[in-house]
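The block underneath contains the structure these notes are about, expressed in structure tokens.
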Amino acid sequence: MATKAFQKIYTKVTQITKATCTLRAEGIGYDELAEINGRLAQVVKIIGDDVTLQVFGGTEGIPTNAEVTFLGKSPSLKVSDQLAGRFFNAFGDPIDGGPDIEGQEVAIGGPSVNPVRRKQPSELIGTGIAGIDLNNTLVSGQKIPFFADPDQPFNQVMAMVALRAKADKIILGGMGLTNDDYLFFRNVFDNAGALDRIVSFVNTTENPPVERLLVPDMALTAAEYFAVEKNESVLVLLTDMTLYADALSIVSNRMDQIPSKDSMPGSLYSDLAKIYEKAVQFPSGGSITIIAVTTLSGGDITHAIPDNTGYITEGQLFLRRDSDVGKVIVDPFRSLSRLKQLVIGDKTREDHPQVMNAAIRLFADAASAKTKLENGFDLTEYDQRTLDFAKEYSNDLLAIDVNIGTDDMLDTGWKLLGRHFKPEEVGIKQELMNKYWPKEA
Amino acid sequence: MSTQGKVKGIIANLVTVEADGPVAQNEICYLQTRGTDLMAEVIKVNGANAFVQVFESTRGLKIGDPVRFTGHMLEVTLGPGILSKNYDGLQNDLDKMDGVFLKRGDYTNPLDDDTLWNFKPLAKAGDEVEAASWLGEVNENGKPHRIMVPFVFEGKYTVKSVVEAGEYKINDTIAVLVDADGKEHNVTMVQKWPVKKAITAYREKPRPFKLLETGVRTIDTINPIVEGGTGFIPGPFGTGKTVLQHAISKQAEADIVVIAACGERANEVVEIFTEFPELDDPHTGRKLMERTIIVANTSNMPVAAREASVYTAMTLSEYYRSMGLKVLMMADSTSRWAQALREMSNRLEELPGQDAFPMDLSAVIANFYARAGFVYLNNGESGSVTFIGTVSPAGGNLKEPVTESTKKVARCFYALQQSRADGKRYPAINPIESYSKYLEYPEFEEYIAKRIGDKWIASINELKTILLRGQEVSEQINILGDDGVPVEYHIRFWKSEVIDFVILQQDAFDKVDMNTPLERQEYMLNKVMGICHTDFQFESFTEVGSYFKRVINNLRQMNYSEFETDEFKKFEEELNQIINERKVA
Ligand SMILES: Nc1ncnc2c1ncn2[C@@H]1O[C@H](COP(=O)(O)OP(=O)(O)OP(=O)(O)O)[C@@H](O)[C@H]1O
Ligand SMILES: [Mg+2]
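In the order they appear, the protein sequences are chains A and B. Just so you know, we're using numbering that gives the first Met the number 0 here: the first sequence kicks off at 0 and counts up by one. Just so you know, we're using numbering that gives the first Met the number 0 here: the second sequence kicks off at 0 and counts up by one.
Here's what the structure looks like:
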């Protein structure tokens, strides 16, 4: 920061906590950035002349005579086509050894889209995974997280979805990524020859956790550039939002805010909503779709982080290992895509909604049969059929290694229904039964 | 000269302002930052310091920035032209804003000053009038929009003159009134009212008693809501609160529908913007959007305005009620409003109550629900505001402050159940835990006896008993096994399943099934109760399930068919044959 000769340098820090420093300064704007002994910080509180800064890198080693300069702007990113193919840290500085980006500097965390200017999402995003395309169809402009325990292969599935979706740009926001996972993403994108469509903002486990707080806004500012200025369809991947929320709680606890449930800040809902609501279909054709990861602890979705996320996002994709078939599946009970009704049976074949529902209902019957079995009761012939059906359904459709087109998924669905059930057991509209029910079983 | 001030402290959207004169609680002020005015509301005063919540982002705001107090509280502007508008939480007309993104400090006119309205006088010179008396009316989207004596007028007035029938703009004087002291007052078609105060210009507020038809079977048939009634829909995420509210707002037999999208998803509002202008109001044949007002303060819009949005929507509802109209207001989700209160209360470092919500949460919620109601106006006409709010309990646990406080005041409880939603048994309203207190009102009983028949309530009670017994039996079967209970028990269980699949479950996305008019509900209820009253003959429990699945399948095909068409009758005929197969003569 060489050109700042005229800038006032403050050297009297009056208070230091683990995440914040306070000093006396005048004429400072709220949200403004500062540098304290070279570390980036942001104004989070001003009372009279007392200005409190949140120091992203933590305050370890900061002395009371640290040099503080104010940058006169809030966190920002330079945007242009040069972003494509590049890797950045949470501050938007290149970490791939390449040159700095030239472009227009825009403040991150910018304004919201006027709701009346939004368009209703209507473009189906195909992934080839039936657990998604058949049961939880994704639509551009949607925001949806994977809910998964830390040992599930969520980053792999997410990378696969990203590459199969026909997005113009993929923006990766990595928060608390292990170095291995970071390299994993780099490799898959590289191997797929897709690096030039990808922009990455990465905070790894080696970086200070509070820096993560900037990652989603950086990623979404880049996304808005491509979606608004270039009318591109942009897919934003945010992993892991649980680690993002943890960083929020670190900051709020250190600022003595009253925590609400699970020691999360009371504003968690609004904080997460500000990020996820950046998903949008613009009238001019561009779109931002957000696929995120929220790791769970022991599958507990009532914890404040997944709970608030579920209330914000348009559904969730729940990964779980099905021990009956030995594969990871997209759990049809707890997963949901709320925008699916905008496309299924309309952009896809007419029988889609009913086949989807019938199969899930029968899969639920299988679950009750299984409970019966576990409780030591005899199974009826119907129960037995549901169990047989469930195995095939899980293996042929729910497993994440499935990669087929939607019509094939529907045909497979009819085949399985026809193989195991009588027409009156599936509860599908007569009109569709006449047309699609397998003739000979 | 109005009170001025200077910014003294900033923590997110809570700003301390040192004022140079008198300041009122809830007064509105504007903070000026680099040429932009940011609207804010006083939420606490301490000496010369006013604590204000800013309705916008405070980014870049500085100590010493000037503040201008307005001398009034947060107000809405009332007049013809509100219907079909899309407002934000502060009643800015969203369609009048430029650009794709919302701009800080962009405040737009809620009404259209230049539109000409065809005015018909209802009062004449010499009439004695008071606040809310009807002076005239204009036609707003087919509804009589009454032009009233402003609600702020106190005492009695005499009409000096009312303009002749003709075309006028909202700001033209349409009447001159004389007060008790002989002073003249010009009245236009526009007035203002502070949102946090209820509009109480009516004669009396009796207990509500008239059914408000929603077309949703599990509401109308099982737990009905009434004109001027209150209800709430708590449920974990994804269990169908919004879908249910949207269904009600499309189908309900209301004159006006006010939708407050309070801290929820923007795409859900877009769905309304997109669909309502195309869909028909099933009761008038006009477009749905013509009777709808949207107050959208989605989750990414400023949090403080979220709190204001429900009050804005309620005040608009009360305004139309004063015209003698049936208004239905929906808020999705009242929990987000409570959370907005919590965020502010925490920043003010108030002593927190349970789950860090403010101590007076219960009182705030009770006051709000109390604004709904059926009223007789001073001229003897009636009007109503029916209010249904959703609640989003943390972790889906109903033992939390917002649910508990709401349960104390709302008369209908529509509890969405996770397991029903998981099993795709939509709408996922738990029929046993949910209730409508109106079923216990003798006034309602009398009304419904006239509208449908005097056996109706007895039928409903019997249906609920069958559901309850079905549930008990299913628990026993789970413990004892299928063959551990008599065949009779299986039959009992499956009769309750018939009710569940045919009456309770309803596909909100099927063109026919989504809306069931009352007449059809009555028909299907009789049909289903007839089956429940029939004795069936089975050798073994294994036959029971597959038999009743056929019964259910045919009844559902009936639900999917247009009422009383050949198709409908064909399925009914098949059903009758199936029933005769096993019926004990
Ligand atoms: N009556 C219904 N018929 C068919 N599907 C339904 C029905 N109700 C809900 N659903 C399904 O459930 C999904 C979630 O419903 P909805 O968005 O109303 O949940 P919600 O309770 O409002 O959740 P949140 O609290 O997160 O806003 C819908 O997208 C739809 O797929
Ligand atoms: Mg909802």
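Even for Gly, the Cβ is constructed at its ideal location relative to N, Cα and C. This structure is a prediction, so every number in the text was calculated from the model and none was measured.
- Per DSSP, residue 67 of chain B is one residue of the beta strand (DSSP E) stretching across 65-72.
- Using a CB distance cut-off of 9 Å, residue 197 of chain B does not count as an interface residue toward chain A.
- Relative to ligand 2, even the nearest heavy atom lies 8 Å or more away from the CB of residue 561 of chain B.
- Residue pairing by DSSP places residue 92 of chain A in no beta bridge whatsoever.
- Here residue 60 of chain B has 9 and 32 as same chain residues with Cβ atoms under 6 Å from its own Cβ, once five neighbours each way along the sequence are excluded.
- For the 9 Å CB-CB criterion, residue 236 of chain A and residue 211 of chain A do not form a contact.
- The three-state secondary structure of residue 266 of chain B, taken from DSSP, is helix.
- The beta carbon of residue 327 of chain B sits closer than 6 Å to those of 251, 253, 256 and 385, all from its chain and outside the five residues before and after it, given in chain order.
- Chain-order list of chain A residues neighbouring residue 556 of chain B: 428 and 429, by C-beta distance under 8 Å.
- With the criterion set as a beta carbon lying under 8 Å from some beta carbon of chain A, the members of the region 390-402 of chain B are 391, 393, 394, 395 and 396, in sequence order.
- For residue 389 of chain B, the distance from the CB to the nearest heavy atom of ligand 1 is below 8 Å.
- For the region 253-274 of chain B, residues whose beta-carbon sits nearer than 9 Å to a beta-carbon of chain A comprise 260, 262, 263, 264, 265, 266, 267, 268, 269, 270, 272, 273 and 274.
- Contact fails between the region 91-106 of chain A and the region 242-253 of chain A, because fewer than three Cβ pairs, one in each stretch, are under 8 Å apart.
- In the DSSP assignment, residue 469 of chain B falls within the alpha helix (DSSP H) that extends over 455-479.
- As the crow flies, the alpha-carbon of residue 491 of chain B is around 51 Å from that of residue 86 of chain B.
- Three or more pairs of CB atoms, one per stretch, sit closer than 8 Å, so the region 270-282 of chain A contacts the region 292-301 of chain B.
- Relative to ligand 1, residue 241 of chain A has its C-beta separated by 8 Å or more from all heavy atoms.
- For residue 264 of chain B, the shortest separation between its Cβ and any heavy atom of ligand 2 lies below 8 Å.
- Residue pairing by DSSP puts residue 329 of chain B in a beta bridge opposite B:258 and B:387.
- Checking the 8 Å criterion, the Cβ of residue 114 of chain B is out of range of every heavy atom belonging to ligand 2.
- In the DSSP assignment, residue 185 of chain A falls within the unbroken alpha helix (DSSP H) covering 178-190.
- Under the DSSP definition of a beta bridge, residue 428 of chain B partners with B:415.
- Residue state for residue 421 of chain A is assigned as coil, using DSSP reduced to three classes.
- Close to chain B, meaning a Cβ-Cβ distance shorter than 9 Å, are the following residues of the region 127-158 of chain A: 140, 141 and 142.
- In terms of beta-carbon proximity, residue 300 of chain B lines the interface with chain A, with at least one pair separated by less than 9 Å.
- Take residue 395 of chain B, set aside five residues on each side of it, and the residues of its chain with a beta-carbon closer than 7 Å to its own are 235 and 417, in chain order.
- In the structure shown, residue 439 of chain B falls within a helical segment according to DSSP collapsed to helix, strand and coil.
- Taking non-hydrogen atoms of ligand 2 into account, the C-beta of residue 111 of chain A is found less than 8 Å away from none of them.
- For residue 354 of chain A, the distance from the CB to the nearest heavy atom of ligand 1 is not below 8 Å.
- Taking residue 294 of chain A as reference, the option from A:39, A:144 and A:228 with the minimal CA-CA separation is A:144.
- Distance from residue 119 of chain A to residue 256 of chain A at the Cβ level is roughly 37 Å; contact not present, criterion being Cβ atoms closer than 8 Å.
- In this structure, the CA atom of residue 518 of chain B is about 40 Å from the CA atom of residue 418 of chain A.
- Collapsing the DSSP output to three states places residue 106 of chain B in coil.
- Interface with chain A (9 Å Cβ-Cβ cutoff): residue 289 of chain B is excluded.
- Within the model, the alpha-carbon separation for residue 163 of chain B versus residue 242 of chain B is close to 46 Å.
- Cβ-Cβ separation between residue 302 of chain B and residue 259 of chain B: approximately 15 Å, too far for a contact (criterion under 8 Å).
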